[in-house]
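Asks: In the numbering used here, the protein residues as written are 73 to 1056. C-beta atoms are modelled at their ideal positions from N, C-alpha and C, and glycine is treated no differently. Quick one: the structure is below, questions incoming.
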Amino acid sequence: MAVTTDATGTDVRDVVHALRDAVRGSVDDSSRRRAEYSTDASNYRVVPQVVVFPRDTDDVLAALSVARETGTPLTSRGGGTSVAGNAVGTGIVLDFSRHVNRVLEIDPEARTARVEPGVVMSHLQRAAAPHGLRFGPDPSTQARATLGGMIGNNACGPRAVAFGRTADNVVDLDVVDGTGRRFTARAGAGALDAVPGLDALVRAHLDVVRTELGRFRRQVSGYSLEHLTPENGTDLAKMLVGTEGTLVTVLGATVNLVPVPSAPVLVVLGYPDMPTAADAVPALLAHAPLAIEGMDSRLVDVVRRVKGAAAVPDLPPGGGWLMCEVGGPTLDDALATARALAADAGTAAVGIFPPGPDAAAMWRIREDGAGLGGRTPSGAQAWPGFEDSAVPPERLGAYLRELEALMADHRVDGLAYGHFGDGCLHLRLDVPLTRSGDPLRAFMEDAAALVARHGGSLSGEHGDGRARSELLPVMYSPRTIELFGAVKDLFDPRDLLNPGVLVRPRPLDADLRRPAARPLPAASGFSFAHDGGDMTTAVHRCVGVGKCRADNSAAGGFMCPSYLATKDEKDSTRGRARVLQEMANGSLVSRGWSSPEVHEALDLCLSCKACSSDCPAGVDMAQYKAEVLHRTYRRRLRPVNHYALGWLPRWARLVTGVPGLAAVANAVLGIRPVAKAVLALGGMDTRRRMVRFAPVPFRAWARRAGRRSGDVRVVGRDDAARVTLPADADATTAATPRPPVLLWTDSFSDTLAPSVAHAAVAVLRDAGYEVLVPDHDACCGLTWISTGQLEGARHQLEHLLEVLGPFAVNGIPIVGLEPSCTAVLRSDLVDLLPDDPRAVAVQRETRTLAELLTAPAPIGPGDRWQVPDLSDVTAVVQPHCHHYSVMTWTADRRLLTEAGAQFSALAGCCGLAGNFGMEKGHYDVSVAVAENALLPALRAAAPGDVYLADGYSCRTQAEQLADVQGVHLAELLASRLGRGASEG
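Here is the structure:
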């Protein structure tokens, strides 16, 4: 057996054993874990030897000791959102975010906080908020970025205009350097004595420190040695901020807090283009804004395209905008400042947004910039590397014009945004990286020279990392570069702390992830049409911004339920994407589709599709999981649950297709020992209960009683061309025939929950529609998709198109009842059958019940129908994940509001997620996910409150875990028919 050694010749196994002996926390050298930590939010792939999760400061000290004793490089890591390759390394990666993450103290009188390095920025903000305080800098990744990472990179964020950089807000740091010296870095006389030789070194180089460093606030590149001069307070703590883990490891920090602005007002200013917007910045700074952010109109167009027009407030006209936030003691004061600022803005295109949903929506767009900017307007992948340049604000307009010309010369494009008040620009570019890093190097070298000509900094807040450290000589004189090296040698003479960054850097085109990934062309599964027919391109949508590691529920987000339950990178969307990227690379994860690492990473993915909506880069892990299962088991024996649950519609049709058999099956499976045996044989958790089959499926009722009563008309494909549609809204009156709608009863609504379909008939007829029911079953193949049986799913969908296609082609609205099935028709259908025009027609015509009832006439009922009065209803609402992610829940919210209902809509998955929560090995995580939102809400509900859930699995989860019966929207509306419209 070959012995693996590191660059120093040390046996890696000895390092791992030493760590396990010394550290109480987890020490993981598995290939899957190393894959998850092989990159951050950058372009770089650097596989570590081992990942350590210290439980406390003692564990950190022990790991550092092992690193020194064995000569193993060590890299500190927080949220892993560094975009320059600052948080990857070849040796030990130390993840502080899992355990070393406490807010130790808030001192309201001193306005300070003591924190551990792994604390997430937003957690500190929540701890300080009751005291009316906050930490000033607020990067867009604050919901997952850690204070340690912010200290490492000198993070800033939008409001650094008012509150300064992280360095400006640090009081002292508890640190250990590369020699093992532990000291408190602070300011004042004797501060430099902690590192012998540092004071003399600085004094010998005061000329270059004073002339080349600290020239403007966003000059973050290199070591910020200007803080060590006497006139700047000899502040070692501030100097260590931004050193990217190359000089010290941070164990703790004391930081300053600032008062929370009481009434911030957002002013949006429109300009013809981004350089013109930048020209206006210097005049606006005189009004002491809290933030001045620039945003390309094309980035907003991406938001409209991805999330719908409702996601963007009405904005003033322009090709580029400035988002200026101002504050004041009162709202009136802030509004007065806003009007004064607008008067000096040099544009008549002005929008003023007081605190509220529109202002919040604009900030959400800005916060998602890193992910949204990961694609150009044409849909091409855009990469970081030159995403963080900064120039003095008065030079920003001229710099942008020259940068645009440079981009044109290199034939690259990107969506610009950034902290224009500080002269900082964020820009990801579609540099072709699939084959080599040569185009990246060519652009970066020319761009660095441009930045230097404008007196700027290669990095304005993200640090230099592996992306820009090699280019520091373009900014600085040889003497300053030598000074940086001398500083490094004082703190870390053996180059153990984050080597390859800042000093003796790796080449900027070394270790690139994308050129090393092999194509994974579409075969017999999904087409990946949006990614050039290549799954490798699809999984590289993940650029590592890490929104999947944040709790987004307060803003209505659903991603990522498994990570929220386990807090393990393995169970985040990003962690899974990294393992899939390593599968495409093939060197670490080497067994292709059947690699154990891949299946471990995907095991706890609920296939909720929340990432397809919430991830700003558009990662769809549910689709990737289905593709992996398809490629792994195609034409092979599958796990038994794939047959038991993946073929559930088939079993349900068999059971309900024989009169009386459903009653027998329900009685037998109601015997608990029998049910447990069946569950075990089917690969399911025996703590679950079996489904109950409908004694009379809906379509069987429709063919007999429904047709006789005239409530529905059963139609075949040949009837589609003979169905009459209203010509316009005026035609839909009481004197004209009812407009037709095709009620598509999926397998769940037909064989397991026909009461939903019956209720939908009543509501649709009350709304004035003629209800058509197909004469053949039409399964969407959902359960085949979720278990990766994609050829079987395609077969089901081809049959569905035979049944529904003729109606869709003729423009007849199709109403779906089960959200997950409806979502298949709105998303997966066209990806599995991209060349069938009927698929596009079905996608276009398929609607949820709420979408139909709230649509404008003639599709919607218009004035001929009023929603029933629900003013006496208080409801806990669980939107289905696929409903939220694919269709959005906007129409349902509108309908319930118009009906006068009082409701609380939960954000997050119920935890059952179709087959996921039924499968053996998933029960505990399923329950933990339910505890994120669903179960606490049900426990808090008052007697008589309604649990509203359109998803069959959402109702099943509540019934099995909380003994609460849920109702579908159709059932709720049907129960109130005849009671009149709400006046509320």
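Sorted by chain position, which residues of the same chain lie with C-beta nearer than 8 Å to E1043's C-beta, five sequence neighbours on each side aside?
Replies: Here the set comprises S827, V828, A831.
Asks: Among residues of its own chain, excluding the 5 on either side of E991, which ones have a beta-carbon nearer than 8 Å to its beta-carbon?
Replies: Contacts found: N713, L717, G755, M756, D757.
Asks: Can you tell me where the alpha helix (DSSP H) holding Q453 begins and where it ends?
Replies: That residue, Q453, is in no alpha helix (DSSP H); it is neither H nor E in DSSP.
Asks: Checking the sheet assignment: what are the DSSP bridge partners for H359?
Replies: Paired residues: none, contrary to the question.
Asks: Note the first and the last residue of the continuous alpha helix (DSSP H) segment covering C683.
Replies: 682-686 is the span of the alpha helix (DSSP H), which, as asked, contains C683.
Asks: Give a single yes or no on whether G782 has its beta carbon closer than 8 Å to a heavy atom of the ligand ZN.
Replies: No copy of the ligand ZN appears in this structure; indeed no ligand is present at all.
Asks: Would you say V463 and G495 are within 9 Å of each other, going by their C-beta atoms?
Replies: Against a cut-off of 9 Å, the Cβ pair of G495 and V463 comes out as a contact.
Asks: Report all residues from its chain with a CB closer than 8 Å to the CB of R376; omit the five preceding and five following residues, and keep chain order.
Replies: Result list for R376: A383, V384, in chain order.
Asks: Unbroken beta strand (DSSP E) runs of length 3 or more, entirely within the segment 969-1040: which are they?
Replies: With a minimum length of 3 residues, the continuous beta strand (DSSP E) runs that stay inside the segment 969-1040 are 974-977, 1018-1020.
Asks: Taking a contact to mean a Cβ-Cβ separation below 9 Å, would you say A682 touches L652 in this structure?
Replies: Contact: no.
Asks: Pick helix, strand or coil for H867, following the three-state DSSP scheme.
Replies: Of the three classes helix, strand and coil, the one that applies to H867 here is helix, per DSSP.
Asks: Going by Cα to Cα distance, which pick from T609, C851, P688, P230 is closest to A724?
Replies: Checked all of T609, C851, P688, P230; the closest Cα to A724 is C851.
Asks: Check the C-beta distance from G151 over to A217 and give it rounded, since I have them as a contact under 8 Å.
Replies: Contact holds; Cβ gap of about 5 Å.
Asks: Checking 9 Å against the spacing of the C-beta atoms, do P688 and G446 come in under that value?
Replies: Yes, the pair counts as a contact, with Cβ atoms nearer than the cut-off.
Asks: Considering only C-alpha positions, which residue in the set S450, P449, L371, P361 is nearest to A414?
Replies: Considering only alpha carbons, the answer is P361.
Asks: Comparing alpha-carbon positions, which option in L741, D643, V948 lies nearest H1040?
Replies: Of the listed residues, the one whose Cα sits closest to H1040 is V948.
Asks: Indicate whether A355 and Y343 have their beta-carbon atoms separated by less than 9 Å.
Replies: No.
Asks: Buried or exposed: which applies to I437, given that a residue is buried once 16 or more other Cβ atoms fall within 10 Å of its Cβ?
Replies: Buried, since its Cβ has 16 or more Cβ neighbours within 10 Å.
Asks: Is it the case that the Cβ atoms of R621 and R590 are separated by a distance below 9 Å?
Replies: No, the pair does not count as a contact, with Cβ atoms beyond the cut-off.
Asks: In this structure, does DSSP put M607 in helix, strand or coil?
Replies: Helix.
Asks: Taking all protein chains shown into account, decide if Q1037 is buried (16 or more other Cβ within 10 angstroms of its Cβ) or exposed.
Replies: Per the 10 Å Cβ criterion, exposed.
Asks: Among the candidates L297, S461, A470, S998, whose CA atom is the shortest distance from the CA of D345?
Replies: Of L297, S461, A470, S998, the residue nearest in Cα terms is A470.
Asks: Three or more beta-carbon pairs under 8 Å between the segment 562-574 and the segment 95-106, yes or no?
Replies: Result no; under three Cβ-Cβ pairs closer than 8 Å.
Asks: Can you say whether T796 is buried or exposed, counting buried as having 16 or more other CB atoms within 10 angstroms of its CB?
Replies: Exposed.
Asks: For V736, list the residues DSSP reports as bridge partners.
Replies: Answer is none; V736 lacks a bridge partner.
Asks: Could you check how far apart the C-beta atoms of T920 and T894 are, in whole angstroms? I think they sit under 8 Å.
Replies: About 6 Å separates the two Cβ atoms, so the contact holds.
Asks: What are the start and end residues of the beta strand (DSSP E) that includes C852?
Replies: Run containing C852: none; DSSP gives neither H nor E here.
Asks: What are the residues that DSSP puts in a beta bridge with C496?
Replies: Per DSSP, A462, H491.
Asks: Name the two residues that bound the continuous beta strand (DSSP E) containing Y696.
Replies: Per DSSP, Y696 belongs to no beta strand (DSSP E); it is in the alpha helix (DSSP H), 693-705.
Asks: Would DSSP call R919 helix, strand or coil?
Replies: Strand.
Asks: Looking at the unbroken beta strand (DSSP E) that takes in S148, where does it start and where does it end?
Replies: 146-149 is the span of the beta strand (DSSP E), which, as asked, contains S148.
Asks: To the nearest angstrom, how far is it from the Cα of D561 to the Cα of V119?
Replies: One C-alpha to the other measures close to 25 Å.
Asks: Taking the beta carbon of S1096 as the centre, do at least 16 other beta carbons fall within 10 Å, making it buried, or is it exposed?
Replies: Absent from the structure is residue 1096, since the part of the chain shown begins at 73 and ends at 1056.
Asks: Mind checking A432: buried by the 16 CB within 10 Å criterion, or exposed?
Replies: When all chains shown are included, A432 counts as exposed.
Asks: Can you tell me whether DSSP reads R507 as helix, strand or coil?
Replies: Of the three classes helix, strand and coil, the one that applies to R507 here is coil, per DSSP.
Asks: With 16 as the cutoff for other CB atoms within 10 Å, does D83 come out buried or exposed?
Replies: D83 comes out exposed.
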